[in-house]
Every structure is written in C-alpha cells, then in structure tokens.
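The next block holds one structure in the form of structure tokens; read it before the comments.
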Amino acid sequence: MKRSSKQAIVQELRTRILAMQGINKPGNGSRSIGLGDIEKAFPGSVFPKNAIHEFTSHEPESAAATSGFLSCLLHSMTNRKGFCLWVSSRRVIFPPALKLLGIDPECVIFVDLQNDKDVLWAIEEGLRCSALIAVVGELRELTFAQSRRLQLTIEESQVSGFIHRVLPKSENATVCAARWKISPLPGMIEPGLPGIGFPKWRVELAKVKNGKPGSWELAWTPKGFEHFSKKTSETDNNPNTAQYA
Amino acid sequence: MHKRFVAIGFPFLVTDWMARRDAKLKDEPFILYAPERGRMVIKASSKAAHSKGIFPGMVVADCRAIFPDMTVLEYPAGKAEELLEALALWCIRFTPVSAVDLPDGIVLNCSGCTHLWQGEQSYVAHILTRLENFGYHVRAAMSDTVASAWAVSRYGKNQTIVPPGEQLSALLHLPAEALRLEHTATEKLEKLGLNKIGQFANLPRTALRKRFGVELLHRLDQVSGFEIEPVQPVQPPKQYLERLTCLEPISTAKGIEIGLERLLNTLCERLASEGKGLRTATLRCHRVDGDVQEISVGTNLPSRSASHLMKLFELKTNQLQPDLGFELFELEANTVEPLAFDQTAMWIETNTADTSAVAELLDKIISKRGAKVIHRYLPAEHYWPERSYQLAPSLSTKKEIEWRTDQPRPIHLLSIPHVIEVTVPLPDYPPMLFFYKGQRHQIKKADGPERVEQEWWLQQGEFRDYYCVEDEEGKRYWLFRSGHIDGGNSRWYIHGFFA
C-alpha cells in the first residue's frame with residue numbers, strides 16, 4: 009500500500025518534471041502513432057511530438073533510409089492536412105517518391121538554401137509558425153546552443169522538428185529529445201517471391217532523454233509500420249540467394 | 003461626392019508667354035506665324051492685335067498689307083502643349099486631379115477642394131488672380147460637368163460659377179459653338195437659325211440625331227452629366243500612399259520602426275476598408291540632406307496584416323543610413339490586389355488561416371534569400387523521372403493529376419546519374435554486382451527492368467532500363483542502363499537511393 013502510493017508520487021513528479029522540460033506537456037494527447045515498441049522507449053511511453061528529434065546518417069544509403077523513415081513518420085504522426093517545411097542546403101529528395109512513403113509531395117514546401125547558417129535560420133522561423141505540421145531540416149552540424157535555441161522555439165509553437173544530420177563530423181551533445189539512427193535492412197518480402205519488397209530499416213535510438221535507448225526493426229507497407237520482434241527478424245535477415253525478376 | 007470641375011481657358015497663351023519673356027512686347031500688337039502649305043499663316047495673335055481684327059488663320063501677307071509695322075515673329079512649335087502641361091502641374095496646388103485640355107486650356111477636378119479656399123467663388127478668383135499675376139489672360143468657370151464649365155469659361159459673360167444642377171440651363175443662351183461641335187454641325191445649325199443652345203437643347207433627340215449626327219447628342223449629354231467625360235490627370239494619383247512628416251529628424255532604429263508601424267497601420271486600415279491586400283510595398287525615407295532611400299518588400303499572397311509587413315520590413319531596415327536623420331517617410335503600396343474577406347474561408351477546403359500563416363513565413367524567407375529558394379512541386383505528365391514533377395506557381399495551386407504510385411521511385415535522386423561499373427550475367431538481366439565510388443556491391447535481390455523512353459519532342463537520346471536492386475547489406479539502389487545492350491554504347495548508371 010505504502011509502496012504503491014510512493015510510486016504514484018514518483019510518477020506524478022516525473023510527469024511534472026517532463027512538462028517543465030517542455031517535452032510532454034499535459035493534455036497533448038497520448039495517442040499512439042503506430043511506432044509500437046519504439047514508443048515505449050520514450051518517457052511515459054508517449055512519442056514526444058513537440059520536441060527536436062535528431063537523426064544522424066553517415067552514408068548516402070542510410071541518409072536515404074532516414075529520409076524515407078521521416079516521411080513515414082510524418083504520415084503516421086498526424087492526420088491533419090497541412091504544410092510541412094523541408095529545409096536543406098544539399099537537397100536530394102525526389103518529390104514523387106514521397107507519395108509512396110505516405111505523404112503528399114504537394115504538401116511539402118522545400119526551402120533550398122546555400123549554407124547551414126541560413127538553414128538554421130529558416131528552421132527556426134519555420135518552427136515559429138504553428139500552422140505547419142512539422143519542419144524537417146537537413147544539415148551537417150548542430151551545436152548544443154543551436155539545438156537549445158530550436159527546442160525553446162518549439163516549446164512555444166508546438167511544431168514538430170526533425171533535424172537530419174548528414175555526414176556529421178562528430179556526434180556532439182545536443183538537447184534533442186532523441187537521437188535516431190536509421191539504417192537499411194533487406195526488404196520485407198515473402199521468401200521465393202521476386203522483387204525487393206517493402207522497405208525495412210533498423211531503427212536505433214542512440215539517445216533518449218529520460219527514456220531507454222534501444223534498437224528495433226521496422227518495415228513500411230502501404231498500411232503503415234510493420235514491427236518485428238528481435239527473434240523473427242534475425243532469421244529473416246539471412247540473405248537468400250540472388251533472385252532476379 | 004458631388005463632382006465639380008473648373009475649366010480654365012488661355013485665349014492668348016503663347017503670345018502672353020512671349021510677352022512675359024520680353025517686356026517690350028507687352029501690350030504691343032504682334033503676331034506669330036508658321037509656314038503652312040507654302041504660305042505664312044498666323045498661328046497666334048496678341049490681345050492688342052486681336053482687338054485690331056487680326057485672328058489666327060489669316061495669312062501674314064494680308065496682315066502686313068493692313069498693318070505694315072506689325073511685329074511678326076516665328077511661332078514656337080509645340081510650345082502651347084508644353085506650357086499647358088507645366089501650368090497643369092502647377093495647378094496641382096489647387097487639386098490633385100489637374101488635366102491638360104488641348105488646345106488652349108486646363109481642366110481641374112476640384113471636388114472637395116474648394117472649402118480650403120473658403121468657397122467656390124474665392125477658389126476660382128484665387129486661381130484667376132494667380133494666373134493673371136503671371137501675365138496670362140485667363141478665363142475660368144466652375145460647373146458640375148467638364149463640358150458646361152468649358153462652355154461657360156469660353157462663351158459665358160462674366161459668369162464663373164454655375165450652381166450645382168444648373169449646368170444645362172446656364173448654357174441655354176450660349177451659342178452653339180460652346181458645345182465643341184464639328185465645324186460642319188455648327189454651320190448646319192446656323193443655317194437653320196438655331197444659334198443658341200436653348201433653341202435646340204429640348205428638341206426631340208431622334209430628330210436631332212437624324213439631322214446633326216450622334217455627336218451633338220453626346221455633347222449635350224456631356225453637358226448635362228448623363229455621359230461622363232474622362233479627365234486624364236497630368237500626374238496620376240498615387241493610390242496607396244501614406245506620408246509621415248517628423249518634427250525632428252529621426253536617426254534611431256527604434257524611431258524608424260515606430261514611424262513605419264504608424265504608416266503600416268494607416269495603410270492597412272485603408273486596405274481593409276477597401277477589401278484589398280498589397281503584394282509589393284515601398285518605404286521611401288527622405289533624409290534632411292535631400293537624399294532619398296527606399297526599401298521594398300513583396301508578399302506571396304496579398305496581405306494587409308500590419309504585423310506581418312512590419313516583420314518583412316524589419317529584415318531590411320538595417321539597409322537604411324539615417325546619418326543626420328530622416329524627416330519624411332512615405333509608404334506606398336505599389337501593387338494592390340483584391341483580398342477576400344475572412345468570411346470566405348468557409349468555402350475553401352484547406353484552412354485559410356493556416357495557408358496565410360505559411361505564406362507569411364515564406365514571405366519572410368523570400369525577403370531574406372529571394373524567391374528562388376522556395377520550391378513546391380506538383381505532378382507533371384511525364385514518365386522521364388527528372389521531368390515527372392513541376393514547380394507549383396503558388397501555395398494555393400491544386401494538383402490536376404494524381405501522383406504516380408504504380409512504379410517504385412527512390413527517395414533520393416542524384417541530380418546527374420553517376421556512371422558505374424557492372425557485371426551482368428545475361429543481356430536484359432539486372433547486374434550481379436556493381437562498383438560505386440570504389441565500393442563493391444553484391445546484388446542479392448533485384449526488380450525490373452522498367453523501360454523509360456525518351457520524349458523525342460523534348461529531347462533526343464537513348465532510352466533507359468531501370469532496375470531496383472538490393473545488395474547483401476540491404477541497401478537499395480536505382481540503377482539504369484542507357485540504350486540497348488547490343489547498341490555498343492550502352493552504359494550503366496546509378497540514379498538514386500531507395501529508402
């Protein structure tokens with residue numbers, strides 16, 4: 009009896025602290041966004057929408073996987089129709105492909121700037137605009153101070169911010185709610201069938217603020233995310249012999 | 003507002019001007035001539051010459067025969083138009099709408115201006131005195147229509163003000179010439195003994211049109227005001243211009259900001275009352291030393307939100323160099339477009355408030371880095387991947403066709419395909435392995451080919467056979483072979499990365 013009340017107090021304190029940190033404000037809705045087990049890694053098992061998420065990728069293939077995952081995440085995160093800002097200095101996104109990964113390309117406004125300084129400025133301005141669904145920023149470096157500034161902006165406007173760091177020099181500390189790493193895995197397909205199947209990724213949460221980091225496997229089908237428990241995925245991982253279409 | 007016009011006539015415009023320049027000519031009879039069809043024809047005669055019976059249109063030789071010692075000077079061509087233009091510009095002090103009325107007059111639209119001169123009588127008197135002081139012979143009249151003001155000023159006897167509503171009755175005793183008719187029409191009227199306007203003004207219109215043409219009816223309508231006579235002002239009115247004069251020169255950033263805010267507030271209020279929004283605006287700052295500096299902003303959608311425009315201007319105010327300070331600020335909306343009121347939001351699918359907020363954000367980015375940085379794409383009807391999407395002209399444009407989802411497309415596309423080395427087991431088979439940037443990729447799964455032909459009406463070249471491939475680590479690529487494998491010049495490229 010005594011113990012459970014203690015736990016309740018701790019739990020309440022935790023939520024209050026989180027609210028103070030601006031990560032999960034109460035009343036923000038704790039709707040599941042279809043990430044399954046990954047959501048349990050976050051404090052309170054709720055995916056923090058109003059926070060900066062940092063994605064790092066060290067090679068073009070994982071950068072593509074990250075872009076794809078971001079697109080799927082944007083789709084499953086919101087059912088509201090609206091614009092999303094995609095800021096970058098070296099854009100390689102192919103707009104028609106976004107439709108295959110869940111979001112309408114015409115709802116994405118691409119801002120192509122020359123240097124990281126301008127990109128940061130545009131991200132911050134975008135995060136101020138609460139009419140946007142989310143802001144995706146592609147850049148190389150993000151210092152602690154810069155990330156702090158972006159986080160403070162988000163806390164006022166409640167826009168989701170995703171920073172995709174492509175080929176960063178170092179993974180320095182930032183105030184982001186989570187640091188993600190997405191790497192491609194062999195596509196999800198029934199054994200014996202031709203083709204390359206649905207995209208599948210290893211989703212790694214390298215750092216979660218007040219949460220539990222971990223690694224998961226995830227595939228994207230037109231119906232949404234498909235999850236794999238660790239064991240099945242390992243067997244699935246065994247590459248079959250080359251199949252030609 | 004009740005319209006009032008002043009017509010000013012200069013019967014001796016060019017000769018008065020010559021007399022102003024040369025005091026000897028004052029009150030002297032002299033004529034100005036110009037060659038016309040091999041003769042020297044009098045173009046203008048001074049008042050003194052006019053009273054002796056010398057009129058424009060006579061031949062110089064006739065005049066010399068009657069008055070051998072008459073001063074004869076060359077007529078400066080184009081001078082009358084030039085003078086009238088200058089005088090019309092000068093008259094802007096009396097009203098903002100002042101127009102040249104060729105060949106010898108000016109028309110002022112003085113609606114709502116006369117009270118500043120304590121009434122119409124003193125308004126006209128003031129204009130006449132000022133112009134007479136220059137040395138011009140002037141006649142003027144005020145009426146509800148241009149045509150009646152013109153007639154009374156040229157043919158009226160000592161009448162300057164036609165009371166409102168009496169524009170036609172004031173003309174009844176004037177000759178038919180006062181209607182500015184063609185010469186043939188007035189001749190015809192005279193022949194029939196219709197010398198005064200009053201004699202025919204109330205005749206049946208059908209009869210008038212049959213005998214004298216539709217022109218006469220037009221002129222009568224213009225007199226009575228049933229037909230509007232356009233007035234082309236010398237200086238088109240600046241429509242959306244706000245001015246702010248400062249008692250003390252302003253040199254601080256904060257001061258400029260306050261001034262700008264005031265101007266924006268008044269301008270936006272005006273735009274709101276007229277249901278309009280501005281697309282481009284210019285702020286002109288007049289410095290105490292006469293220097294004029296200006297900054298301009300543009301918006302994506304018409305806007306009349308003072309706070310948003312303020313933000314756009316704020317990005318540029320640091321370009322201003324106040325030095326000793328600005329004494330006058332002018333804010334002008336150069337381009338104004340109708341902006342629907344917010345009530346129309348009901349009929350639009352997407353949330354207008356959201357769209358306008360996004361447009362404001364884009365305006366901010368554009369004003370800092372130019373319009374080229376913003377891209378929004380719509381599907382285009384092309385199979386060629388690089389041409390399968392197109393730039394959307396505006397935020398509100400909707401797609402006309404659906405995005406294609408029947409074929410796989412990579413999330414990242416290289417802007418220029420990169421040549422790769424491949425090993426292919428059989429023609430028309432996907433490669434077994436390929437080298438990209440010095441790295442070997444063993445292909446485990448593949449899909450394809452998807453043939454994309456060149457659009458020959460746009461570009462010549464080889465077709466592409468696209469393959470989606472996945473290597474042993476699960477990395478997915480989009481490769482293509484350009485041209486037929488037997489062609490000899492087929493090459494393999496990498497074009498993109500799948501998610």
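Those sequence lines, one after another, are chains A and B.
Mapped onto the numbering used here, the consecutive letters of the first sequence carry residue numbers 9 to 253.
Mapped onto the numbering used here, the consecutive letters of the second sequence carry residue numbers 3 to 501.
Note that the Cβ used here is the ideal one computed from N, Cα and C, for glycine as well.
Proximity test, Cβ basis, 7 Å: residue i and chain A
i        : result
Ile350/B : Its pLDDT being 40, under 50, Ile350/B is placed unreliably in this model, and the value from its coordinates should be taken loosely. Taking Cβ atoms only, chain A never reaches closer than 7 Å to Ile350/B, which makes this a no.
Leu380/B : yes
Thr346/B : Because the pLDDT at Thr346/B is just 36, under 50, the model does not fix this residue reliably, and the point stays unresolved.
Arg411/B : yes
Glu84/B  : no
Lys256/B : no
Val233/B : no
Ala501/B : yes
Val360/B : yes
Trp405/B : yes
Beta-carbon spacing of residue i, residue j below 7 Å
i        : j        : result
Trp94/A  : Val116/A : yes
Met144/B : Glu168/B : no
Arg141/B : Gly11/B  : yes
His61/A  : Phe170/A : yes
Phe315/B : Leu364/B : no
Arg148/A : Asp120/A : no
Ala187/B : Leu173/B : no
Tyr479/B : Val421/B : no
Ala82/B  : Leu15/B  : yes
Arg187/A : Ala214/A : yes
Thr161/A : Glu132/A : yes
Ala274/B : Arg306/B : yes
Gln224/B : Glu231/B : yes
Ala101/B : Phe7/B   : no
Tyr468/B : Pro103/A : no
Which listed residue (the options) has its alpha carbon closest to that of residue i
i        : options                               : result
Val236/B : Pro98/B, Arg23/B, Pro70/B             : Pro98/B
Leu380/B : Thr282/B, Ser398/B, Lys370/B, Arg6/B  : Ser398/B
Trp405/B : Pro192/A, Phe233/A, Glu114/A          : Glu114/A
Arg210/A : Glu475/B, Asp18/B, Gln321/B, Leu481/B : Glu475/B
Glu146/A : Gly203/A, Ser97/A, Phe233/A           : Ser97/A
Glu271/B : Ala335/B, Glu229/B, Arg289/B          : Ala335/B
His52/B  : Pro13/B, Asp71/B, Glu457/B, Ser124/B  : Pro13/B
Glu225/A : Glu212/A, Lys231/A, Gly232/A          : Glu212/A
Ala501/B : Cys80/A, Gly222/A, Asp112/A           : Cys80/A
Pro387/B : Lys370/B, Gln444/B, Ala36/B, Glu457/B : Glu457/B
Trp19/B  : Ala46/B, Arg41/B, Phe7/B              : Ala46/B
Asp106/B : Ala9/B, Thr319/B, Gln295/B            : Ala9/B
Straight-line Cα distance separating residue j from residue i
i        : j        : result
Tyr77/B  : Ile44/B  : 8 Å
Met434/B : His486/B : 18 Å
Lys54/B  : Cys248/B : 58 Å
Pro427/B : Glu472/B : 16 Å
Gly205/A : Glu198/A : 8 Å
Ile260/B : Gly279/B : 22 Å
Ala394/B : Leu460/B : 21 Å
Pro34/A  : Glu163/A : Low local confidence applies: a pLDDT of 49 at Pro34/A is under 50, so the model's placement there is unreliable, and no value is given.
Glu30/B  : His139/B : 14 Å
Phe499/B : Cys470/B : 9 Å
Arg22/B  : Leu333/B : 40 Å
Phe57/B  : His117/B : 39 Å
Val61/B  : His288/B : 55 Å
Lys217/A : Ile252/B : 51 Å
Ala139/A : Ile367/B : 16 Å
C-beta neighbour in chain B for residue i, strict 7 Å
i        : result
Glu234/A : no
Leu150/A : no
Ser75/A  : yes
Ile46/A  : no
Gly42/A  : no
Ala27/A  : no
Gly145/A : no
Anything in the stretch 94–114 of chain A with a Cβ closer than 8 Å to a Cβ of chain B? List those residues in chain order, please.
Val100, Ile101, Phe102, Pro103, Pro104, Ala105, Leu106, Lys107, Leu108, Leu109, Asp112, Pro113, Glu114
Return the residues of the stretch 163–193 of chain A that lie within a Cβ-Cβ distance of less than 7 Å from chain B, sorted by chain order.
Pro192, Leu193
Which of the residues in the stretch 113–141 of chain B, read from start to end, lie with their CB under 7 Å from any CB of chain A?
none
Taking beta-carbon pairs under 9 Å, can you tell me which members of the stretch 56–73 of chain A lie near chain B?
Result list: Glu67, Pro68, Glu69, Ser70, Ala71, Ala72, Ala73.
Selection of the stretch 120–143 of chain A by Cβ proximity to chain B, strictly under 9 Å:
Asp120, Leu121, Gln122, Asp126, Trp129, Ala130, Glu133, Gly134, Arg136, Cys137, Ser138, Ala139, Leu140
At a CB distance below 8 Å, what residues from the stretch 192–208 of chain A approach chain B? Give them in sequence order.
Pro192, Leu193, Pro194, Gly195, Ile197, Pro202, Gly203, Ile204, Gly205, Pro207, Lys208
Please identify, using Cβ separations under 8 Å, the residues of the stretch 410–430 of chain B that lie next to chain A, in order along the chain.
Close to chain A, meaning a Cβ-Cβ distance shorter than 8 Å, are the following residues of the stretch 410–430 of chain B: Pro410, Arg411, Pro412, Ile413, His414, Leu415, Leu416, Ser417.
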